[in-house]
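**Q** Encoded as structure tokens, here's the structure I'll be asking about.
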Amino acid sequence: NVYYVFNIFAENRDGLAEFLKSKGVATSIYYPKPLHLQKCFEYLGYKEGQFPVTEKMCKQILALPIYPELTNEEVEYICDCIKEFYN
378 NVYYVFNIFA
388 ENRDGLAEFL
398 KSKGVATSIY
408 YPKPLHLQKC
418 FEYLGYKEGQ
428 FPVTEKMCKQ
438 ILALPIYPEL
448 TNEEVEYICD
458 CIKEFYN
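The working numbering applies: residue 378 is where the sequence shown begins, and numbers increase by one.
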């Protein structure tokens, strides 16, 4: 299924997510915490700061709506909302 998830990297991700929510656009954060900082991997001994790129990506990644019934007009609306937020 190619309609699984559509992630973007966004500066001020949380602000964008709140803005999109206020505009009626649902978003998700599928990867809120890097693997090396998750409890199940504590035994490996990794600490915050050891994988700075991964940590930055986890703070910026945001999933946008994607599904077969999504119309072109809805895609345009989502894009316009994102442009509005950053302008």
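Using N, Cα and C, we set each Cβ at its ideal position, and we do this for glycine too.
These numbers come from a predicted model, not from an experiment.
Please work out which residues of its chain come closer than 8 Å, Cβ to Cβ, to Tyr423, disregarding the five sequence neighbours upstream and downstream, and give them in chain order.
**A** Taking the sequence shown and counting its residues from 1, one reaches residue 423 at position 46. The residues are His413 and Leu414.
**Q** Decide yes or no for the touch test of the stretch 389-396 against the stretch 423-432: beta carbon pairs closer than 8 Å, at least 3 of them.
**A** Output reads no: the stretch 423-432 does not touch the stretch 389-396.
**Q** Using the three-state DSSP reduction, which class does Leu414 fall into: helix, strand or coil?
**A** As a first step, residue 414 must be located in the sequence shown, where it is residue number 37. Three-state result, Leu414: helix.
**Q** Go through its chain and collect everything with a Cβ distance to Phe396's Cβ below 6 Å, but skip five positions before and after it.
**A** Against the sequence shown, residue 396 aligns to sequence position 19. Phe462, listed in sequence order.
**Q** Alpha carbon to alpha carbon, how far is Asn384 from Pro442? Give it in angstroms, no decimals.
**A** Stepping through the sequence shown from its first residue, residue 442 is reached at position 65. Stepping through the sequence shown from its first residue, residue 384 is reached at position 7. Roughly 9 Å between the two C-alpha positions.
**Q** Give the DSSP-derived three-state secondary structure of Ile385 in the structure shown.
**A** The residue you call residue 385 lines up with position 8 of the sequence shown. Strand.
**Q** Indicate the three-state DSSP secondary structure (helix, strand or coil) for Ala440 in the structure shown.
**A** On the sequence shown, position 63 is the one that residue 440 refers to. Three-state result, Ala440: strand.
**Q** Is the beta carbon of Ile455 less than 8 Å from the beta carbon of Val402?
**A** As a working note, residue 455 is residue 78 in the sequence shown. As a working note, residue 402 is residue 25 in the sequence shown. Yes, the pair counts as a contact, with Cβ atoms nearer than the cut-off.
**Q** By how many angstroms is the C-alpha of Tyr408 removed from the C-alpha of Leu439?
**A** Looking up residue 439 in the sequence shown gives position 62. Looking up residue 408 in the sequence shown gives position 31. Spanning the two alpha carbons is a distance of roughly 9 Å.
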